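Asker: Sharing a structure here in structure tokens format.
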Amino acid sequence: MKTLKLIAIKLFLVSGVILSPKIANAELLYPVEIIYQPTQVRISNIRIEPQSDQLLLSGTIKRRAYNSNVLPGHIDYIVFDVNDQVVTEGAVNYSSSLSLRRLKQGAHFSFLLPKELDEGSYIRIGWNRNHSMTQPSQVTHHKKSPLL
């Protein structure tokens, strides 16, 4: 009976972690919130490293299920200051479905951020499907970013 209760508690905790936005590793310079929209990809291994006069945020994007089909897409990012005002935003270039299918460990992504971010700033990132199946989408096609 105790085993069933433990399994039920673990399933409840895991489902809450998967369905809710996650804050990545606590030891990062700035908190990174990964927005899980209803997609077939998972963003992980987030790191922020200083690089000359900017910060490099990098991570891995991977299919949620090995046998799932992932449509072409890109990763949007928005940096907010303490007052929830947008500091900068953009998108990581095209990430194709084929690279996610070919690489078992996932595909690597990275983008540069301004070096001087205020204390209390935070970053939101999320994956979006491209509008065109064959061409990379630009961040400008978004009417309103789902990360806001």
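For the sequence shown, the numbering used here begins at -4 and goes up steadily by one. Even for Gly, the Cβ is constructed at its ideal location relative to N, Cα and C. Since this is a predicted model, take the numbers as computed values, not measurements.
Could you tell me the boundaries of the beta strand (DSSP E) in which G68 lies?
Answerer: Taken as a continuous stretch (DSSP letters only), the beta strand (DSSP E) holding G68 covers 68 to 75.
Asker: Are there any heavy atoms of the ligand FAD lying less than 7 Å away from the beta-carbon of N125, as far as the coordinates show?
Answerer: Ligands displayed in this structure: none; no statement on the ligand FAD is therefore possible.
Asker: Would you say the region 67 to 75 touches the region 104 to 124, given that touching needs at least three Cβ pairs under 8 Å?
Answerer: Yes: at least three Cβ pairs fall under 8 Å.
Asker: Alpha carbon to alpha carbon, what distance is there between R42 and L23?
Answerer: Their backbone Cα atoms lie some 7 Å apart in a straight line.
Asker: Would you mind sorting G115 into buried or exposed? The rule is 16 or more other CB atoms within 10 Å of its CB.
Answerer: By the 10 Å Cβ count, G115 comes out exposed.
Asker: Does DSSP put R42 in a helix, a strand or coil?
Answerer: It is a strand residue.
Asker: Span of the beta strand (DSSP E) holding L23?
Answerer: Counting along the chain, L23 falls outside any beta strand (DSSP E), and DSSP gives it neither H nor E.
Asker: Looking at the secondary structure, which residues open and close the beta strand (DSSP E) in which K57 lies?
Answerer: Residues 49 to 58.
Asker: Which two residues bound the contiguous beta strand (DSSP E) that contains Y31?
Answerer: Neither: Y31 is in no beta strand (DSSP E) and is coded neither H nor E.
Asker: Look at the Cβ atom of I56, then the Cβ atom of V36, and state whether they are nearer than 8 Å.
Answerer: Yes, Cβ-Cβ distance for I56 and V36 is below 8 Å.
Asker: For V87, write down the residues that DSSP places opposite it in a beta bridge.
Answerer: Answer is I70, bridged to V87.
Asker: Just to confirm, are T83 and V74 a CB contact at a threshold of 8 Å?
Answerer: Against a cut-off of 8 Å, the Cβ pair of V74 and T83 comes out as a contact.
Asker: Quick check on L112: does DSSP put it in helix, strand or coil?
Answerer: Reduced to three states, the DSSP call for L112 is coil.
Asker: Under 8 Å, do Y117 and Y25 count as touching if we go by C-beta distance?
Answerer: In this structure, Y25 lies closer than 8 Å to Y117 by Cβ.
Asker: Three-state secondary structure (DSSP) at G121?
Answerer: Note: G121 maps to strand in three-state DSSP.
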